[in-house]
């Protein structure tokens, strides 16, 4: 499918993880893609090379989206390379694991700065161009916004704010022809598990819990983001679509007992 | 009385829903610590009213938007009643405005008061709450669950707060602490006048809502109080929606104004 022919997409956090997978996917489907990254030039260059290899135009912008007026400047720079904007994917994020008792103000505020403030600002700055094109915004959320995940409060609470922000944005901007939705992911293999102390346990849990599916890869999320950015989803407005391999879907009492107390634990 | 010997700290406890909660907790026997921002006269009135019920009342003036304001509250708790069994996270603030007009400073101010401050307040109250186990109840808004006009800064920050409370419940159950929220539809407090058309909010709530009238602070306070008592002991990390039935059903006929008396709207001054 080439659903994004003659369209331009802006993807923040586009140098790695979900952002990079979405950038590649949109380029494969015909979109020219601007990616925004913080400081990993090599990773950004690699994604741009993939975009170019798809026959699309790719440009990378280095930008700390949490800096004051960063988004305004970003869209100015963007306009020097592209003459339209159809799709915005604010995917930049940084998950730190921390319990509330140990939470310091900076960890808390930094999470909100990148996961919600920066999203608001990049969408605000994109608004005039999206209004012209009848554009779409697809945000990235986390199931940690609806279910408490161990040590995930700073991200979960910020993402809950984001899911609410998107309802407001969707309801206010649908009249301008801009459609806003989100994909709420479970744990995706973006390199974070290796950084976290609890990473191994999370990986094991997910392998058990999503039998046959396992830990999500960024490429599992990208097609869902692309769907919400495409014309075929035109009747979906202001929604958060959960994509977590079924992790938060139900409770399996029996497998929980077996996991906690061993395979030989008696169930009856 | 069920809450005899217990102490409740209520942020924003000298007016509106906070004061209504204070009165009910006092009726159940709890002593009270009320934080408020700056209206000393109103605070003294609240104190007198609650002391008349035979309760001890400690007033603490502090700006909870600032982290040092939170610290100041607990310095005073330590030298005052030195006990917290019930924490009611009620203080709130928000700038009204559409998404496109929301600037960074007012956005931050809303999130600092409605999310950061409850986080810091609960952290600081934790040593007291841990002593014998305790409860946390927070007041939220229906605007965290669906969009209201010009309400994004408050609605989205309260959505973040509700999830924060869920994490408190998740992490602190092991200390015998329960945490929950009440998400209220439109209630007759001064915050209604922050809307561009307050009268439209009142008419909508009374006409569309199944309850047939505007919400009152007591309607919400009853539920918050219940979440502070043992009757709700099996409820953890939930947000209770209390909105007088305004979300229940879609009435096309009413919306197409077949059943609405148009003169009523203008007569009540919403122009």
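Residue numbers (my numbering), protein chains in the order written: chain A, 7 to 274; chain B, 109 to 379. For each residue, glycine too, the CB sits at the ideal point set by N, CA and C.
Under 9 Å between the Cβ atoms of residue 154 (chain B) and residue 193 (chain B)? Between residue 154 (chain B) and residue 193 (chain B), the CB-CB gap reaches or exceeds 9 Å.
Simplified DSSP assignment, three categories, for residue 336 (chain B): Three-state result, residue 336 (chain B): coil.
How long is the line joining the alpha carbons of residue 122 (chain A) and residue 165 (chain A), rounded to whole angstroms? Our two residues, residue 122 (chain A) and residue 165 (chain A), have alpha carbons roughly 7 Å apart in a direct line.
Among the residues of its own chain, which have a CB less than 6 Å from the CB of residue 11 (chain A), if the five just before and after it don't count? Closer than 6 Å at Cβ, skipping near neighbours: 36.
Could you tell me whether the segment 256-267 of chain B touches the segment 168-179 of chain A, using the rule of 3 or more Cβ pairs below 8 Å? The segment 256-267 of chain B makes contact with the segment 168-179 of chain A: 3 or more CB pairs, one atom from each, lie closer than 8 Å.
Inter-residue Cα distance where the pair is residue 355 (chain B) and residue 317 (chain B): Their Cα atoms are separated by approximately 7 Å.
Between which two residues does the alpha helix (DSSP H) carrying residue 116 (chain A) extend? In this chain, the alpha helix (DSSP H) harbouring residue 116 (chain A) covers 111-118.
With DSSP as the reference, please indicate the residues paired to residue 229 (chain A) in a beta bridge. In DSSP, residue 229 (chain A) forms no bridge with anything.
Quick one: is residue 221 (chain B) near chain E, going by C-beta distance under 9 Å? No chain E is present in this structure, whose protein chains are A and B.
Helix, strand or coil for residue 361 (chain A), going by three-state DSSP, please let me know. In this structure chain A extends from 7 to 274, so residue 361 (chain A) is not present and cannot be described.
Which full runs of the beta strand (DSSP E) of 3+ residues lie inside the segment 151-237 of chain A, going along the chain? Runs of beta strand (DSSP E) with 3 or more residues, each lying fully within the segment 151-237 of chain A, are found at 185-191, listed in chain order.
Suppose you measure from the CA of residue 151 (chain A) to the CA of residue 256 (chain B); what does that come to, to the nearest Å? Rounded to the nearest whole angstrom, the CA to CA distance from residue 151 (chain A) to residue 256 (chain B) is 21 Å.
Shortest alpha-carbon distance to residue 224 (chain B) belongs to which of B:249, B:197, B:241, B:210? Ranking the options by Cα distance to residue 224 (chain B), first place goes to B:197.
From A:127, A:228, A:160, pick the residue whose C-alpha is nearest to that of residue 75 (chain A); which is it? Taking only the C-alpha atoms, the option nearest residue 75 (chain A) is A:127.
Of the residues B:158, B:126, B:206, B:220, which one's Cα is nearest the Cα of residue 171 (chain B)? Closest option to residue 171 (chain B), Cα to Cα, is B:220.
Within the chosen definition, does the segment 222-238 of chain A reach the segment 21-29 of chain A through at least 3 CB pairs nearer than 8 Å? With contact defined as three or more Cβ pairs closer than 8 Å, the segment 222-238 of chain A and the segment 21-29 of chain A are in contact.
Beta-carbon within less than 7 Å of residue 228 (chain B)'s beta-carbon, same chain only, minus the 5 sequence neighbours each way: which residues are those? Once the five neighbours on either side are set aside, the close Cβ partners of residue 228 (chain B) are 175, 178.
So who's on the other strand from residue 143 (chain A), going by DSSP bridges? Looking at the DSSP output, residue 143 (chain A) sits in a beta bridge with A:94, A:186.
Which residue wins for smallest C-alpha separation from residue 237 (chain B), given the options B:115, B:218, B:360, B:323? In this structure, B:115 is the residue among B:115, B:218, B:360, B:323 with its C-alpha nearest to the C-alpha of residue 237 (chain B).
At a Cβ threshold of 9 Å, is residue 55 (chain A) touching chain B? By this cut-off, residue 55 (chain A) is not an interface position.
Could you check what DSSP says for residue 310 (chain B) in three-state terms: helix, strand or coil? Residue 310 (chain B) sits in a helix when the DSSP states are folded into three classes.
Contact between the segment 190-201 of chain A and the segment 268-288 of chain B: three or more CB pairs below 8 Å? Short answer: they don't touch.
Closest by C-alpha distance to residue 105 (chain A), when choosing among B:252, B:328, B:277, B:214: Of the residues B:252, B:328, B:277, B:214, the one whose Cα lies closest to the Cα of residue 105 (chain A) is B:277.
Under 9 Å between C-beta atoms of residue 42 (chain A) and residue 66 (chain A): A contact, by the Cβ cut-off of 9 Å.
Could you say which of B:127, B:159, B:122, B:186 lies nearest to residue 169 (chain B) if we only look at CA atoms? Ranked by Cα distance from residue 169 (chain B), the first of B:127, B:159, B:122, B:186 is B:122.
Are residue 15 (chain A) and residue 235 (chain A) closer than 9 Å when you measure CB to CB? Result yes, Cβ atoms of residue 15 (chain A) and residue 235 (chain A) sit closer than 9 Å.
Is it right to say residue 241 (chain A) is buried, meaning 16 or more other beta carbons lie within 10 angstroms of its own, or is it exposed? Burial call: exposed.
Going by the CB atoms, is the gap between residue 167 (chain B) and residue 152 (chain B) shorter than 9 Å? Cβ atoms of residue 152 (chain B) and residue 167 (chain B): closer than 9 Å.
Terminal residues of the continuous alpha helix (DSSP H) containing residue 132 (chain B)? First-last of the alpha helix (DSSP H) with residue 132 (chain B): 124-135.
From B:208, B:188, B:158, B:173, residue whose alpha carbon lies closest to that of residue 119 (chain B): Taking only the C-alpha atoms, the option nearest residue 119 (chain B) is B:173.
Can you tell me the Cα-Cα spacing of residue 377 (chain B) and residue 307 (chain B), whole angstroms? Only weak support exists for where residue 377 (chain B) lies, its pLDDT of 48 falling under 50; the value from the coordinates is given anyway. One Cα belongs to residue 377 (chain B), the other to residue 307 (chain B), and the distance between them is close to 7 Å.
I need the straight-line Cα distance from residue 60 (chain B) to residue 157 (chain A), nearest angstrom please. Only positions 109 to 379 of chain B appear in the structure, and residue 60 (chain B) is not among them; the question remains open.
According to a CB-to-CB cut-off of less than 8 Å, which residues of the segment 106-120 of chain A neighbour chain B? So the close ones are 106, 107, 109, 111, 114, 115, 118.
Of the residues B:293, B:222, B:302, which one's Cα is nearest the Cα of residue 254 (chain B)? Selected option, being the one with the closest Cα: B:293.
When A:91, A:270, A:168, A:244 are compared against residue 186 (chain A), the one with the closest alpha-carbon: Considering only alpha carbons, the answer is A:244.
Within chain A, the residues that residue 271 (chain B) reaches when beta carbons sit closer than 7 Å: Going along chain A in sequence order, the residues near residue 271 (chain B) (Cβ under 7 Å) are 151, 162, 163, 166.
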